[in-house]
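For the sequence shown, numbering that gives the first Met the number 0 assigns the number 0 to the initial residue and increments by one for each residue that follows.
Glycine included, every Cβ here is placed at the ideal spot set by N, Cα and C.
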Amino acid sequence: MEPTAGRFELHQVGVSGIRKPLTIHRPDRVVTLTTTFEVAVDLPSTRKGSDLSRNAILLAEIVDETAVRPALSLESACVAIARALLQRHKYARTATVDASAEYFLRRGIAEQRMSMEDYTLLAAARSTRSQADGPVSVTKSIGAEAVGMTACPCAMETARDALSEEFPLLRDPSLKSMPMITHNQRNRTRLMFDLADDVEIEVDDLIGTIEAAQSSPTYAILKRGDEAQMVIQAHQHPKFVEDVLRDLLHRVAKAFPNVPDTAFVRARTVSEESIHKYNVVAAHQALLGELRKTTPS
């Protein structure tokens with residue numbers, strides 16, 4: 000046994016990039032998610048290394064079990080794994096689990112062109128105890144990322160001014176509300192809630208809240224008329240990345256009435272620029288109660 004003098008306690012040691020098929024219940028169906036996990040526990044200075052094979056075995060046991068008895072959700076599976084990690088690693092005081100999964104919802108701009116559109120589900124769990132064999136407390140996170148589009152308000156007004164010189168008819172006040180050409184961005188918006196273990200959020204509602212904050216959703220199947228409809232919709236709701244974030248935060252404050260004020264909200268949105276060589280980003284985090292105080296009823 001090597002001496003422990005000068006050996007640091009480490010907050011996280013574990014494994015990452017483990018892909019597993021996790022089966023979960025949804026309100027109207029059972030689905031299997033292709034899920035990537037990262038799991039870890041803390042390592043005291045008295046131990047040279049962590050028993051990493053226990054993590055892989057544990058993941059296999061819990062995930063394989065969902066093929067017979069599906070988990071209630073991605074985040075509930077993370078909670079179960081976080082609790083079990085402390086059972087397997089008796090020396091540990093904290094365990095963390097992070098997961099991301101491909102997820103599909105039936106969406107479309109028209110009923111006859113509905114398809115399974117892809118999203119990313121995000122979940123995490125953290126279990127802690129003050130001493131070995133002591134009581135375990137768990138917090139969890141649930142979130143999603145949706146890809147939509149935004150239309151730039153600034154370029155829209157600049158283009159309107161420039162074209163008004165060439166086409167004087169555009170100066171007619173009655174045409175002021177007509178959308179004008181502008182450049183577009185692919186927008187990626189991510190929303191996460193940190194929750195107590197007994198609080199639930201429906202992830203489909205979370206995805207819907209994200210998409211409502213963008214200029215427009217995007218779809219895999221679009222006929223020519225659909226393309227025009229989507230572009231017009233986006234140009235009727237031009238948004239800076241700051242607008243997307245603020246709209247999202249306002250919607251979050253009202254969309255989840257059963258979630259307590261103590262829930263912590265993290266939001267991040269990125270618009271991938273079409274005329275610049277960089278992207279633009281906005282992010283915010285706050286207690287849900289703080290967002291509610293700022294949002295008019």
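Beta-carbon contacts of residue i that lie in its chain and below 6 Å, excluding the five residues immediately before and after
i: residue 216; result: 147 and 210
Alpha carbon of residue i to alpha carbon of residue j, nearest angstrom
i: residue 279; j: residue 133; result: 46 Å
i: residue 189; j: residue 23; result: 21 Å
i: residue 249; j: residue 274; result: 29 Å
i: residue 271; j: residue 20; result: 31 Å
i: residue 42; j: residue 16; result: 20 Å
i: residue 94; j: residue 156; result: 52 Å
i: residue 281; j: residue 149; result: 14 Å
i: residue 240; j: residue 119; result: 20 Å
i: residue 198; j: residue 257; result: 9 Å
i: residue 18; j: residue 114; result: 25 Å
i: residue 96; j: residue 124; result: 5 Å
i: residue 50; j: residue 122; result: 24 Å
i: residue 171; j: residue 159; result: 12 Å
i: residue 289; j: residue 169; result: 43 Å
i: residue 251; j: residue 105; result: 22 Å
i: residue 99; j: residue 37; result: 9 Å
i: residue 310; j: residue 126; result: Residue 310 lies beyond the range of the chain shown here (0 to 296); nothing can be said about it.
i: residue 286; j: residue 295; result: 16 Å
Buried or exposed by the 16-neighbour rule on C-beta atoms within 10 Å, applied to residue i
i: residue 238; result: buried
i: residue 68; result: exposed
i: residue 142; result: buried
i: residue 88; result: buried
i: residue 234; result: buried
i: residue 140; result: buried
i: residue 321; result: Coverage of the chain is limited to positions 0 through 296, which leaves residue 321 absent and any answer about it impossible.
i: residue 101; result: exposed
i: residue 45; result: exposed
i: residue 33; result: exposed
i: residue 103; result: exposed
i: residue 65; result: buried
Same chain, Cβ closer than 8 Å to residue i, five either side skipped, listed in chain order
i: residue 61; result: 76, 79, 80 and 83
i: residue 26; result: 201 and 203
i: residue 247; result: 188, 190, 208, 209, 212, 266 and 268
i: residue 173; result: none
i: residue 29; result: 22, 23 and 69
i: residue 59; result: 19
i: residue 151; result: 181, 182, 183, 184, 237 and 239
i: residue 186; result: 146, 147, 148, 149, 213, 214, 240, 243, 268, 269, 270 and 271
Residues near residue i by beta carbon distance below 7 Å, same chain, minus five either side
i: residue 128; result: 85, 92, 134 and 135
i: residue 283; result: 244, 248 and 266
i: residue 11; result: 39, 41 and 95
Residue i beta carbon near the ligand ATP (any heavy atom closer than 6 Å)
i: residue 240; result: The model on display carries no ligand, and the ligand ATP is accordingly not part of it.
Would you say the segment 212-226 touches the segment 156-175, given that touching needs at least three Cβ pairs under 8 Å? no
Counting Cβ pairs closer than 8 Å, one from the segment 255-264 and one from the segment 170-178, do we hit at least three? no
Quick one: which unbroken beta strand (DSSP E) runs of 3-plus residues sit fully inside the segment 91-170? Chain order, please. 93-106, 114-127 and 136-150
Report yes or no: do the segment 100-119 and the segment 45-63 share at least 3 C-beta pairs separated by less than 8 Å? no
Give, in chain order, every unbroken run of the beta strand (DSSP E) that is at least 3 residues long and sits entirely within the segment 219-280. 263-271
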